[in-house]
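Participant: Sharing a structure below in structure tokens format, with a few things to ask.
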Amino acid sequence: MRVLYIGGSGEISFDCIHETVRLGHEVTVFNRGRNNAGLPPACRFVTGDVGDDAAYSRLAAENFDVICQFRLFSPAEIQRDIGIFSGHCGQYVFISSASAYAKPVRHLPITEQTPLHNPHWAYSRAKAEMEAILRAQTRLPYTIVRPSHTYRTHMPTPLGGEVSRLLRGLPVIIHGDGESLWTITYARDFAPPFARLLGHPRALGEAFHITHDRQWSWNEISEAIAAALGVRHPRWVHVSSDTLIRYNPEWEGPLLGDKAPSVQFDNSKAKSVVGDFECLIDPWQGMKLVAANVAPSAVPDDGARDALYDKIIADQEQLGR
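Here it is in structure tokens:
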């Protein structure tokens, strides 16, 4: 098959491209060409920007068998893709997000039939709206894929800045009591089932999530990160999600809309189409793989964020006295 990847160097798409090439498909990568190091040399690279209408529209003339779209975040963008690629590909794969599922989570495990309704995060609502636009049209054959916290080169932390603080010996916040359960998936585990959906007739018109079958507490995930970084005595400070959001309302989406509730995913739908698969990399293994590429000097500090974390921690310590 002739497969087009729009994007290609991100946390998820990089390993998906490798797996697609490994399966013997002819892969074209369309992106700005700034970070293609490590992608298979067998790929054909087309340099361009999705914002350049002329360059982007020329892709349609190539009539790819499959188009994998990793770079859409608004309803207007998917409407544009429908207009450009309808009649010009056999399968359009839209990367949505498992964060679009209803929050708070009413029933576990989460299946593809779980309603899409996230009142806490505009990002997730936009993904759900984009899915609805795809389902409402009939011109572009589609498949929807919903990843959930898939990582490759970045530590899967809830708020940001945790790695820098750990490396500097500073206390790090964990939301809630740290015992809510979360699923993280290493990109190398995500890629094989994803690539097997490409060109599969039973994937057309369907949505799938692809995640690890296991869950870990945020305390466990945080300890795995610290261990991988060589931080022997991390200092954790537990703060309720509601309290954190009062300090920074922008955390409502990533916390209440995603990482604070316990989750469990049922992957049986994807397995029924592509065959059984098992995600093998646990947090301790995954964090070591990420840490191997983390140079402490390259981890940026954020003065404003540091100041906010320091204030929250000081306030919590004052309350505990």
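So for the sequence shown, full-length UniProt numbering puts the first residue at 1; every next one is plus one. The beta-carbon is built from N, C-alpha and C at its ideal position, and this holds for glycine as well. Predicted model, so just to flag it, every value in this text is computed and none were measured.
Whose CA, out of 129, 18, 304 and 101, lies closest to the CA of residue 263?
Facilitator: For the residues 129, 18, 304 and 101, the minimum Cα distance to residue 263 belongs to 101.
Participant: Which full runs of the alpha helix (DSSP H) of 4+ residues lie inside the region 12-57, going along the chain?
Facilitator: Correct list: 13-22.
Participant: With DSSP as the reference, label residue 144 as helix, strand or coil.
Facilitator: Residue 144: strand per DSSP, three-state reduction.
Participant: Tell me whether residue 93 sits in a helix, a strand or coil according to DSSP, three-state version.
Facilitator: In this structure, residue 93 counts as strand in the three-state DSSP scheme.
Participant: Please go through the same chain and pick out, in chain order, the residues whose beta-carbon is closer than 7 Å to the beta-carbon of residue 86, but skip the five residues on each side of it.
Facilitator: Excluding sequence neighbours, residue 86 sits near 139 and 140.
Participant: Hey, how far is the Cα of residue 57 from the Cα of residue 7?
Facilitator: Looking at the two C-alpha atoms, the distance is approximately 15 Å.
Participant: When the Cα atoms are used, what is the spatial distance from residue 180 to residue 46?
Facilitator: Computed Cα separation, rounded: 43 Å.
Participant: Answer yes or no: do residue 182 and residue 215 have a C-beta to C-beta separation smaller than 8 Å?
Facilitator: Closer than 8 Å, so yes.
Participant: From this set, 288, 252, 108 and 112, which residue's C-alpha is nearest residue 225's C-alpha?
Facilitator: For the residues 288, 252, 108 and 112, the minimum Cα distance to residue 225 belongs to 288.
Participant: According to DSSP, is residue 243 helix, strand or coil?
Facilitator: Looking at residue 243 - three-state DSSP - the assignment turns out to be helix.
Participant: Let me know if residue 12 comes out buried or exposed under the rule of 16 or more other beta-carbons within 10 Å of its beta-carbon.
Facilitator: So residue 12 ends up on the buried side.
Participant: Between residue 149 and residue 110, is the Cβ-Cβ spacing less than 8 Å?
Facilitator: No. Outside cutoff.
Participant: Using beta-carbon positions only, say whether residue 173 and residue 84 come within less than 8 Å of one another.
Facilitator: Their beta carbons are not under 8 Å apart, which means residue 173 does not touch residue 84 by this criterion.
Participant: Taking C-alpha atoms, which residue in 153, 202, 306 and 240 lies nearest to residue 274?
Facilitator: Cα-wise, what sits closest to residue 274 is 202.
Participant: With respect to the alpha helix (DSSP H) encompassing residue 316, which residues constitute its N-terminal and C-terminal limits?
Facilitator: Its alpha helix (DSSP H) spans residues 303-319.
Participant: Is DSSP giving residue 3 helix, strand or coil here?
Facilitator: Note: residue 3 maps to strand in three-state DSSP.
Participant: With contact counted as at least three CB pairs below 8 Å, one residue from each stretch, are the region 91-98 and the region 119-139 in contact?
Facilitator: Enough Cβ pairs lie closer than 8 Å, so yes.
Participant: Counting along the chain, where does the beta strand (DSSP E) carrying residue 172 start and finish?
Facilitator: Here the beta strand (DSSP E) through residue 172 covers 172-175.
Participant: Any idea which residues DSSP pairs residue 375 with across the strands?
Facilitator: One cannot answer for residue 375 here, as it falls past the ends of the chain, which runs 1 to 321.
Participant: Around the Cβ of residue 62, are there at least 16 other Cβ atoms within 10 angstroms (buried) or fewer (exposed)?
Facilitator: Residue 62 comes out exposed.
Participant: Give the range of the beta strand (DSSP E) segment to which residue 206 is assigned.
Facilitator: 206-210 is the span of the beta strand (DSSP E), which, as asked, contains residue 206.
Participant: Is the Cβ-Cβ distance between residue 218 and residue 154 less than 8 Å?
Facilitator: Going by C-beta atoms, residue 218 is not nearer than 8 Å to residue 154.
Participant: Nearest-angstrom Cα distance between residue 261 and residue 222?
Facilitator: Approximately 16 Å between the Cα atoms of the pair.
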